[in-house]
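Visitor: Dropping a structure here in C-alpha cells format, bear with me for questions.
Chains as they are written, first to last, in the working numbering: chain A, 100 to 411; chain B, 16 to 145.
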C-alpha cells in the first residue's frame, strides 16, 4: 500500500498519508494541552479548562474534521469502483483456501478459466467481479488497488490498474479459516498487446474440443501421469480443458504448469514443490480441501508432477 | 569454511566422496569441508527451491512439508536416503540429482549452481537440533 504501482492504489496511499499526518498533528496538540494543564501558567490553565475550549476542540472542530474527511474520502475512493463499461471483465471467486479465476466476455460469459493467478493488461483499468463460494473472503492486491470483500450471494466490483507490466502479490485480507494467511494470489500485468495475445490463446485452449494440452513429447512420465490423474481420482475435483477431467470443485489445472506459484500464491511452482504438494498438501496448508495423497508411490508422484509441469 | 588454499577443497571432497562410496572404514567425516560457504544463503535456498515443501527444517517455520524425511537433525544422520554415506561430496551430488544416486526416490533433480550446492550442503550438515 505504501508502494503504489497504479493510480488506484495511489489514491489509497494518499488517503493513508493524510490520515497519518492528521493523527500526528492531533497527537501533538493533545501532548501540548497536557503540558499546559500540568505546567502552564494559571491564566493558560484557566483558559484551557474553559467552556469555550471544550465547545470548539471537543465538539465543533472534531465533527468538522470527520465530516470533511468522510466527504473527501468518499469522493476520492468513488473512482475505484465506478465503471466506464469498456474495461476488460474478470471474475474472482474466493474459496477455502484458493481463488477461482474467470475471464469474461462483454456479455459476462466465461471464456477462459484459471485459478490463483490473474493476468491483466498494464496501463488501463480492469474490472474484477468479486464473489465467494463459501465464507467471506477479501481480495487485496496492495500495489494495484483497494481491498474488496467477497460476500456469499453478492457480487462486488473492484477495479485494478497497473501502471507497468510486472508481477504483483495479493493476499486474502479477511480471516476465513485456519489457513487464511496461506491464501495468496498473483497478479501478472502484461503490456496491452501481449495481454490480448495471451487471452486469445487462453480462449482457444478453453474452447478447443480436441485436447490441446496433451503434451506431444514422448516423455514416459508425462504419459503415465496423465493416466494416473484419472486413476487416482484427481479429475473428480480438477478440470483440464480438452481431457475427460472436468471436476469443478478444485482449481482449474489446464495451465497449471505455466503458473508462477503453487498452493495459491504461496510456493514457487517447481517439480519439487508439485511433488510435495500432491503427496502431502495438508502439512503445507492445513485443512485445505485436497487430501494428502500418501498412498501414491514415489514414481507415481514424479509422474503426476511431470504431467502437471507439462500443462502450460 | 576451514579451507586454506583456493583449490584445496576440490580434490578433498572428491576423494572423500569416492572413499565413502567404496569403503566404510571408520566413522564418516561429516565436517562441512566444502570450501567457502554461506550458511544463511543455504537456508534461503532451501526455502526458495521448495525443499521445505517436503522436508521440515528447524529454522524454517513454514512450510514444514511432511512428504519427505524430517531433516531437523540431518547433520547427525549417518546415511542419506537410508543408503548413501552422509558426507559433503555425496550430499552435494545428491541434492543436485537425487534420482541418479537413489533410483526410485520421489525427490527430483534440483537446479543449483556449484556454489549454491555447496551452501545448501553446508547448511544441511550443520543441522543438529533436538
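Virtual Cβ for every residue (Gly too), placed ideally from N, Cα, C.
Values in this document were obtained by computation on a predicted structure and should not be read as measured data.
Whole alpha helix (DSSP H) runs in the region 191 to 262 of chain A with 4 or more residues, listed along the chain?
Guide: none
Visitor: Using beta carbons (cut-off 8 angstroms, strictly below), is residue 63 (chain B) in contact with chain A?
Guide: Chain A contact via Cβ: present.
Visitor: My output table needs one value for residue 276 (chain A): the three-state DSSP class, helix, strand or coil.
Guide: In this structure, residue 276 (chain A) counts as coil in the three-state DSSP scheme.
Visitor: Does any C-beta atom of chain B lie closer than 8 angstroms to the C-beta of residue 409 (chain A)?
Guide: no
Visitor: How do the region 199 to 214 of chain A and the region 246 to 254 of chain A stand: do at least 3 beta-carbon pairs fall below 8 angstroms, yes or no?
Guide: no
Visitor: So, does the CB of residue 41 (chain B) fall closer than 8 angstroms to a CB anywhere in chain A?
Guide: The predicted position of residue 41 (chain B) is uncertain, since its pLDDT is 49 and thus under 50; no value can be drawn from it.
Visitor: Between the alpha carbons of residue 20 (chain B) and residue 302 (chain A), how many angstroms are there, rounded?
Guide: Any answer about residue 20 (chain B) is weak, because its pLDDT of 49 lies below 50 and its placement is not dependable; what the coordinates show is given next. Rounded to the nearest whole angstrom, the CA to CA distance from residue 20 (chain B) to residue 302 (chain A) is 59 angstroms.
Visitor: DSSP has residue 265 (chain A) in a bridge; who is on the other side?
Guide: Its beta-bridge partners are A:288.
Visitor: Determine whether the beta carbon atoms of residue 241 (chain A) and residue 108 (chain A) lie at a separation below 8 angstroms.
Guide: Yes, Cβ-Cβ distance for residue 241 (chain A) and residue 108 (chain A) is below 8 angstroms.
Visitor: Alpha carbon to alpha carbon, how far is residue 269 (chain A) from residue 283 (chain A)? Give it in angstroms, no decimals.
Guide: Whole-angstrom Cα-Cα distance: 6 angstroms.
Visitor: Give the residues of chain B in contact with residue 412 (chain A), contact being defined as C-beta atoms less than 7 angstroms apart.
Guide: Since the first residue shown for chain A is 100 and the last is 411, residue 412 (chain A) is missing from the structure and cannot be characterised.
Visitor: Would you check if the distance between the CB atom of residue 140 (chain B) and the CB atom of residue 86 (chain B) is smaller than 8 angstroms?
Guide: no
Visitor: With DSSP run on the structure shown, which of helix, strand or coil describes residue 69 (chain B)?
Guide: Reduced to three states, the DSSP call for residue 69 (chain B) is coil.
Visitor: Can you pull the chain B residues whose beta carbon is under 8 angstroms from the beta carbon of residue 324 (chain A), in chain order?
Guide: Scanning chain B for C-beta atoms nearer than 8 angstroms to the C-beta of residue 324 (chain A) yields nothing, as the closest lies near 13 angstroms away.
Visitor: Going by C-alpha to C-alpha distance, which of B:59, B:78, B:101 sits closest to residue 11 (chain B)?
Guide: Given that chain B is displayed from residue 16 to residue 145, the structure contains no residue 11 (chain B) and the question cannot be resolved.
Visitor: Of the choices B:84, B:108, B:131, whose alpha-carbon is the least far from that of residue 97 (chain B)?
Guide: B:84
Visitor: Opposite residue 283 (chain A) in the DSSP bridges: which residues?
Guide: A:270
Visitor: Please classify residue 386 (chain A) as buried or exposed, where buried requires at least 16 neighbouring CB atoms within 10 angstroms.
Guide: exposed
Visitor: On a CA-only basis, which of A:399, A:368, A:101 is nearest residue 411 (chain A)? Give me that one, please.
Guide: A:368
Visitor: Which residues of chain A have a Cβ atom closer than 8 angstroms to the Cβ of residue 120 (chain B), listed in chain order?
Guide: 397
Visitor: Rounded to whole angstroms, what is the Cα-Cα separation between residue 293 (chain A) and residue 206 (chain A)?
Guide: Inter-residue distance for residue 293 (chain A) and residue 206 (chain A) is about 23 angstroms (C-alpha atoms, whole angstroms).
Visitor: By the 10 Å Cβ neighbour count, where 16 or more other Cβ atoms means buried, how is residue 183 (chain A) classified, buried or exposed?
Guide: exposed
Visitor: Excluding the 5 residues preceding and the 5 following residue 82 (chain B) in the sequence, name in chain order all residues of the same chain whose CB lies nearer than 6 angstroms to its CB.
Guide: Closer than 6 angstroms at Cβ, skipping near neighbours: 69.
Visitor: Tell me where the alpha helix (DSSP H) around residue 151 (chain A) begins and ends.
Guide: 150 to 154
Visitor: Give me the DSSP bridge partner(s) of residue 175 (chain A).
Guide: In DSSP, residue 175 (chain A) forms no bridge with anything.
Visitor: Could you tell me the alpha carbon to alpha carbon distance between residue 375 (chain A) and residue 127 (chain A), rounded to whole angstroms?
Guide: 53 angstroms
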